[in-house]
Amino acid sequence: TGTSHIGYVGSPTTFNNIIAQGAGTKYFYKDMTINNDLTNQLGSNLYIQPSVTLTGSGADNTLTITGGVLYLRGANNFPTGFENISLTGGYVDYYSDDDQTVYPTTYYNLRLRRVNEDSSTTKTLSGDIAVKGYLQVYDVETMLDVADHTVTLTGNLYFPTGGRQIEWGTGTLIKDGNGWGIDADITG
Numbered sequence: 002t003g004t005s006h007i008g009y010v011g012s013p014t015t016f017n018n019i020i021a022q023g024a025g026t027k028y029f030y031k032d033m034t035i036n037n038d039l040t041n042q043l044g045s046n047l048y049i050q051p052s053v054t055l056t057g058s059g060a061d062n063t064l065t066i067t068g069g070v071l072y073l074r075g076a077n078n079f080p081t082g083f084e085n086i087s088l089t090g091g092y093v094d095y096y097s098d099d100d101q102t103v104y105p106t107t108y109y110n111l112r113l114r115r116v117n118e119d120s121s122t123t124k125t126l127s128g129d130i131a132v133k134g135y136l137q138v139y140d141v142e143t144m145l146d147v148a149d150h151t152v153t154l155t156g157n158l159y160f161p162t163g164g165r166q167i168e169w170g171t172g173t174l175i176k177d178g179n180g181w182g183i184d185a186d187i188t189g
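Using the working numbering, the letters of the sequence shown map in sequence onto residues 2 to 189.
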């Protein structure tokens, strides 16, 4: 519970398990190896600094998000090396003024945005993704580049009025599930 600064001063860089719970943000300042599971629960936020990577290691490890937010600030720093990824709540937030690569997996909620106004940024898929909740391009200066991949969307798509377009190339949007909620302001 509360704010934590992991790897800020003298912290170890290898853990067996990390379970983040309770209110507050957990900031990662150094590259970390996690030998088993990384779990983020409701009320907690994980904030991975721009140059930091979290790497799963071991025969059977899992990245789990059941709530809260996973903030990714680097160009390509979604946690890797986990045999299992279970994003069943909360959301993953690609949050940077720099262009970012979106990791190919199944997200619960996915938000793409910049930090500062007047910072145009592109978030580019590196493979097919699925989004069970909402896919949100948060601000007018952020563009999603599907890069010829497939987006399978169970929930809704949100896009700001007057925002940059989604660049589809030869990519595909598959709407999976009941109902359809797409922002009426989307043009192009």
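Think of the CB as a built atom: it goes at the ideal place given N, C-alpha and C, for glycine as much as any other residue.
Annotation: the region 33 to 99 contains the following complete segments of the beta strand (DSSP E) (minimum length 3 residues), in chain order: 33 to 35, 39 to 41, 45 to 49, 55 to 57, 63 to 73 and 85 to 96. At the C-beta level, residue 70 and residue 46 come within 8 Å of one another.
With respect to residue 123, residue 144 sits close: the two C-beta atoms are nearer than 8 Å. In the DSSP annotation of this structure, the continuous segment of the beta strand (DSSP E) that includes residue 152 starts and ends at 151 to 154. Note that the region 111 to 122 does not touch the region 75 to 84; fewer than 3 beta-carbon pairs, one per stretch, sit closer than 8 Å. In this structure, the beta-carbon distance from residue 135 to residue 110 falls below 8 Å. For residue 150, the number of other beta carbons within 10 angstroms of its own is at least 16, and it is reported as buried. Its chain contains 27 as the residues whose beta carbon lies nearer than 6 Å to that of residue 5, once the 5 sequence neighbours on both sides are disregarded; these appear in chain order. Between the beta-carbon of residue 91 and that of residue 106 there is about 14 Å, and that puts the pair past the 8 Å contact cut.
Taking a C-beta distance under 8 Å as the contact criterion, residue 132 and residue 103 do not qualify as a contact pair.
Here DSSP, grouped into helix, strand and coil, assigns residue 167 to coil.
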